[in-house]
Amino acid sequence: MKITMVAAAAENNALGKDNELVWHLPDDFKRFKAITSHHHIIMGRRTFESFPKLLPNRKHIVITRQREYEKEGVIIVHSLEDALKVSYDQDDVFIIGGGEIYKQAMPYADKIELTRVHDTFDADAYFPEIDESKWKLIQSEYHEKDERHKHDFTYLTYVKSTN
Numbered sequence: 122m123k124i125t126m127v128a129a130a131a132e133n134n135a136l137g138k139d140n141e142l143v144w145h146l147p148d149d150f151k152r153f154k155a156i157t158s159h160h161h162i163i164m165g166r167r168t169f170e171s172f173p174k175l176l177p178n179r180k181h182i183v184i185t186r187q188r189e190y191e192k193e194g195v196i197i198v199h200s201l202e203d204a205l206k207v208s209y210d211q212d213d214v215f216i217i218g219g220g221e222i223y224k225q226a227m228p229y230a231d232k233i234e235l236t237r238v239h240d241t242f243d244a245d246a247y248f249p250e251i252d253e254s255k256w257k258l259i260q261s262e263y264h265e266k267d268e269r270h271k272h273d274f275t276y277l278t279y280v281k282s283t284n
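Its first residue numbered 122, the sequence shown is counted upward by one per residue in our numbering.
See below:
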């Protein structure tokens, strides 16, 4: 199984504040959908609760410490390890947040699909630092801000170094 972390983070690694994104990038939403559709997506409970509804064509696996937590159409687990166990038969699984789950997943991840938003934001959730000695940037695609995107951003693809 290949484990990919998918995130959008600002220059200061900000992910969001008060369980919401602090920017709106429609092209990034399209990319996220294209990358994660028809796969298992693993997330923390607060990330899951930030969605207005289940994301179509994906199996939601939600990590929570709340033993009694239940949601229809969702697999509930209580650790990242359990989330990975229920995905054992998948070729690709995607970690989609939030900050604490990304931090826990970093040692397990094989790939990072990061949208770097070229600005800094006040936030209460952050993406972990990417250790350049352990990760190799293999692709970068810059996008200028436009009428639909208030911020410049770059799609970055990292793979775990084998050195």
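C-beta atoms are modelled at their ideal positions from N, C-alpha and C, and glycine is treated no differently. Here the structure is a predicted model, which means the values were calculated and not measured.
Item	Value
Whole-angstrom distance between Tyr209 and Lys123, CA atom to CA atom	10 Å
As assigned by DSSP and simplified to three states, the class of Asp213	strand
The segment 176-188 in contact with the segment 152-167 per 3-pair CB rule at 8 Å	yes
Of the residues Phe169, Gly137, Ser282 and Glu132, the one placed nearest Ser254, counting alpha carbons only	Ser282
Close beta carbons around Gln225, own chain, < 8 Å, minus the five adjacent residues each side	Leu201
Distance between Asp245 and Asp139 (C-alpha atoms, nearest Å)	7 Å
Length of the line joining the Cα atoms of Leu205 and Phe242	31 Å
Among Gln211, Glu234 and Asp212, the one whose alpha carbon lies nearest that of Ala155	Glu234
C-alpha gap between Ser171 and Gly220, whole angstroms	14 Å
Val198 to Phe169 span [Cα, whole Å]	13 Å
Contact belief for Thr157 with Phe248 at Cβ below 8 Å, rounded distance in angstroms	Actually they are not in contact, since the Cβ atoms of Thr157 and Phe248 sit about 17 Å apart, beyond 8 Å.
Beta-ladder partner(s) of Glu262, from DSSP	Tyr276
Coarse secondary structure for Arg285, derived from DSSP in three states	Residue 285 lies beyond the range of the chain shown here (122 to 284); nothing can be said about it.
C-alpha gap between Gly137 and Arg186, whole angstroms	21 Å
Sequence-distant residues of the same chain with beta carbon closer than 7 Å to Lys266, five excluded per side	His272 and Asp273
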